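Residue numbers (this note's numbering): 533 to 989. What follows is a single structure, written as structure tokens, with notes after it.
Structure follows, in structure tokens:
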């Protein structure tokens, strides 16, 4: 069976690229060993947001007094929340399948392995059959990293420790949960379980949460959750995990002293690793570094005709980055020169309040040798923000270059996830302060603070 393009991996990068290629006239075969939609749709982006929305409704029911709303007897049924999550996932996975069928993409539910190259193109083996294509697009994604902490492997095996995959299927919520890692996944799950009444402890090796997020914004987020009872232990190294579901502990070391956190469950959220092992890269000589496929801004690998998109390249492990990288790969296959602008990819933490970021911070700009200044404005300049947030402490930080061009925008507050895309366009185009001052923003909205801030620079 000979195709124009074989796509290995049916996550966001893979299925979107397959559809784009098929609509452009290419004969496409897509391999997915589990479920269409990949990690994002089945055990990441969509499931977590479904849980977080239920938690947000529950939060509203519990904290409505300041807004003149009193709710009696509000409760949350975690099992029903999980049932709804499953329904949402099924609906969307079915939708992806329908899109592939409508585009004419051949979908093979099997593990695919690259076996080499023939006169007709690259060869791939699956289900004891050989498939050939002139072009390959590798979108095998990533998996949760499980660090070599004493006792952790055994705890994962017996169910005391879980990754993002397993925690989303728990039918009974833990009363006490320890989260190893204060990055996006850890914080979003900490947010959910805190909202539904669990005792939550976040243990982070760095001295701040939220990874590369602006320090002041990370601090505001931490303060908000500390007020709700989340315990943050920062600058700590986890040195042991021991227990069984419902009973155990995480031991960490800080300032030379070891302390144990007792818990019913441990969530391991220490990052993700590209899935490159066992897919046959060595048979065609694709270059990897630190376990990830090396790609350029055109989504090309070291081997002409082989492309890669999504988490597997380790560049920006976000679903929307994968979408774009896959599109860029297909465009270049078709002779339409295109490239990914990694400077303007937005990122969101879907906590409550939300965090949205794009582009440079003053620290990252300085490291890159870019002259930049930072300007901060309170979201309380927005009438809608004040109307909807009792005592809210949201801010927007705008990073400006020496020619008054917008290099980055970072914010914490309501609707950040929906606002950040517009600022990403500003960063991508390197719009100047004066350009944004002329844009008409709807009123009353939270986003109009962006324009307000431009008149303060």
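Glycine is no exception: its CB is placed at the ideal position from the N, C-alpha and C atoms. Predicted, not measured: the structure shown is a model, and the values here were computed from it.
By the Cβ-count criterion, residue 597 is exposed, with fewer than 16 other Cβ atoms from all chains shown falling within 10 Å of its own Cβ. Collapsing the DSSP output to three states places residue 563 in a strand. Boundaries of the alpha helix (DSSP H) around residue 853: 851–865. By the criterion of a C-beta distance shorter than 6 Å, residue 892 is surrounded in its chain by 931, 939 and 940, once the five residues flanking it on both sides are discounted.
In the DSSP annotation of this structure, residue 662 is not part of any alpha helix (DSSP H); the continuous beta strand (DSSP E) holding it starts and ends at 661–670.
Between residue 549 and residue 859, the C-beta gap is smaller than 9 Å, which places the two residues in contact. For residue 907, there is no enclosing alpha helix (DSSP H); the residue is part of the beta strand (DSSP E) that begins and ends at 904–910. According to the DSSP assignment, residue 615 belongs to no beta strand (DSSP E) but to the alpha helix (DSSP H) extending over 610–635.
One alpha carbon belongs to residue 983, the other to residue 977, and they sit about 11 Å apart.
By the C-beta criterion, the stretch 698–711 is judged not to be in contact with the stretch 552–563, since fewer than 3 inter-stretch pairs fall below 8 Å. In this structure, 926 is the residue among 837, 868 and 926 with its C-alpha nearest to the C-alpha of residue 752. For the 9 Å CB-CB criterion, residue 629 and residue 841 do not form a contact. By the C-beta density criterion, residue 540 is buried, having at least 16 other C-beta atoms within 10 angstroms. Counting the other Cβ atoms within 10 Å of the Cβ of residue 797 gives 16 or more, which makes it buried. Annotation for residue 987: no alpha helix (DSSP H) segment contains it, and DSSP assigns it neither H nor E.
If you draw a 10 Å sphere on the C-beta of residue 533, you find fewer than 16 other C-beta atoms in it, and that means exposed.
Between the beta-carbon of residue 694 and that of residue 799 there is about 6 Å, and that keeps the pair under the 8 Å contact cut. In the DSSP secondary-structure assignment, residue 964 is bridged to 937. The C-alpha of residue 912 is placed about 40 Å away from the C-alpha of residue 805. Between residue 877 and residue 831 the beta-carbon gap is near 14 Å, outside 8 Å, which marks them as no contact.
A Cβ-Cβ separation of about 6 Å places residue 647 in contact with residue 812 under the 8 Å criterion. The three-state secondary structure of residue 979, taken from DSSP, is coil. Counting the other Cβ atoms within 10 Å of the Cβ of residue 809 gives fewer than 16, which makes it exposed. Comparing C-alpha distances from residue 886 to each of 565, 750 and 854 shows the shortest one belongs to 750.
Assigned with DSSP and collapsed to three states, residue 760 falls in coil, not helix or strand.
By the C-beta density criterion, residue 622 is exposed, having fewer than 16 other C-beta atoms within 10 angstroms. Collapsing the DSSP output to three states places residue 700 in coil.
Residue 953 and residue 960 have their C-alpha atoms spaced approximately 10 Å apart. Comparing alpha carbon positions, the residue from 594, 889, 612 and 683 closest to residue 605 is 594. Among the bridge pairs identified by DSSP, residue 789 is matched with 786.
The secondary-structure analysis by DSSP pairs residue 942 across a beta bridge with 889 and 929. In this structure, the alpha-carbon of residue 844 lies about 11 Å from that of residue 669.
Annotation: the continuous beta strand (DSSP E) that includes residue 645 extends over 645–650.
Looking at the DSSP output, residue 800 sits in a beta bridge with 712. Taken through DSSP and simplified to helix, strand or coil, residue 780 comes out as strand.
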